[in-house]
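Below is one structure, written out as structure tokens, with a few remarks after it.
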Amino acid sequence: MKTRPLLCLATATLLAGCAGSASSPSLFVLDPGSARQPMSAAATARTQLMVAPVEIAPVLDERGIVYQTGPHRVVIANHNRWAAPLGEQLRESLIATLAEELTDIQVVRRADSATTDRYTLRTRVEQFMGHYDGQARIVGEWQLDDPEGRAVVRQPFLQEVALTNDGYEALVESLAEGWQATGQAMAPAISRATSDRSR
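Counting from 2, one number per residue, gives the positions in the sequence shown under our numbering.
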């Protein structure tokens with residue numbers, strides 16, 4: 002009965018120790034995957050979705066990976082870092098996920114001025130970190146703006162993925178899995194909102 006709490010405590014202790022380790026830094030990426038929209042779909046889609054830069058909480062705006070080791074303590078790793086700014090990686094991964102899910106919508110980084118049905122996805126991430134309960138935790142909110150700039154959908158999100166192993170590599174894998182699931186959960190609401198307007 003006590004095995005899981007002890008494992009979580011051991012994981013938190015190990016990660017906290019790694020945060021202050023003097024070893025050479027390890028760099029991690031969120032793999033955006035190989036998903037790309039077929040050229041035919043991208044070229045013929047009437048509706049365009051621009052994914053705006055992802056906003057992240059100040060504590061996440063660091064090179065070090067963040068881990069919450071207790072109810073009131075957060076550690077930012079010194080030697081386990083993101084290879085590129087986290088906000089940029091989150092955006093690229095989200096674009097890849099939505100491009101795969103929304104086959105009738107052109108998902109882009111920058112708006113095409115010639116497109117009239119252009120929606121904007123705005124995302125803010127408050128938590129993107131390991132947690133002492135043995136989960137990778139992702140918390141935030143997303144909003145879809147219509148072509149006139151009005152918010153048509155606004156929803157919070159919470160994803161928790163269990164860590165399958167100790168260490169930062171396992172943490173990043175769980176965070177990547179949770180972020181992909183977050184994008185997949187957004188897709189149906191985005192599809193409904195854009196379809197309602199086109200009717």
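Where a beta carbon is used, it is the ideal one built from N, C-alpha and C, also for glycine.
Pick from the options that is closest to residue i, judged by C-alpha positions
i    : options                : result
R123 : D32, H132, F158        : F158
D134 : D167, N79, A188, S192  : D167
I139 : T121, A163, V153       : A163
D113 : G141, W83, P148, T70   : P148
L172 : E93, Q69, T195, L50    : Q69
D32  : M187, R119, S192, S175 : S175
H132 : G71, P54, D62          : G71
R111 : P54, T183, A190        : P54
Proximity below 8 Å, CB of residue i to CB of residue j
i    : j   : result
L185 : T98 : Note that residue 185 corresponds to Gln in the displayed sequence, not to Leu. In contact: Q185 and T98 (Cβ atoms closer than 8 Å).
V52  : I96 : yes
V60  : L91 : no
Coarse secondary structure for residue i, derived from DSSP in three states
i    : result
R47  : coil
V173 : helix
D197 : helix
T183 : helix
S41  : Residue placement at S41 is flagged as unreliable, the pLDDT there being 45, under the threshold of 50; a coordinate-derived value is accordingly withheld.
G88  : helix
E93  : helix
A152 : strand
S24  : coil
G18  : Residue placement at G18 cannot be trusted, given a pLDDT of 48 that sits under 50; the coordinates are not used to answer.
Inter-residue spacing [alpha-carbon to alpha-carbon] between residue i and residue j
i    : j    : result
T165 : A177 : 13 Å
S24  : N79  : 10 Å
V108 : E56  : 18 Å
P26  : D197 : 49 Å
V76  : T48  : 42 Å
T104 : R74  : 42 Å
E93  : P86  : 11 Å
Q181 : D146 : 21 Å
L28  : S192 : 35 Å
Y120 : L50  : 5 Å
C19  : N81  : At C19, the pLDDT of 48 sits below 50, so the modelled position is not reliable; the number obtained from the coordinates is stated separately. Roughly 8 Å between the two C-alpha positions.
W83  : R64  : 5 Å
Q128 : A190 : 22 Å
M130 : A137 : 6 Å
D62  : G141 : 15 Å
Assumed close pair residue i, residue j - CB separation to whole angstroms, cut-off 8 Å
i    : j    : result
Q144 : R155 : 5 Å
I66  : Y169 : 6 Å
V153 : A100 : Actually they are not in contact, since the Cβ atoms of V153 and A100 sit about 20 Å apart, beyond 8 Å.
A188 : E89  : The Cβ separation is near 21 Å, so there is no contact.
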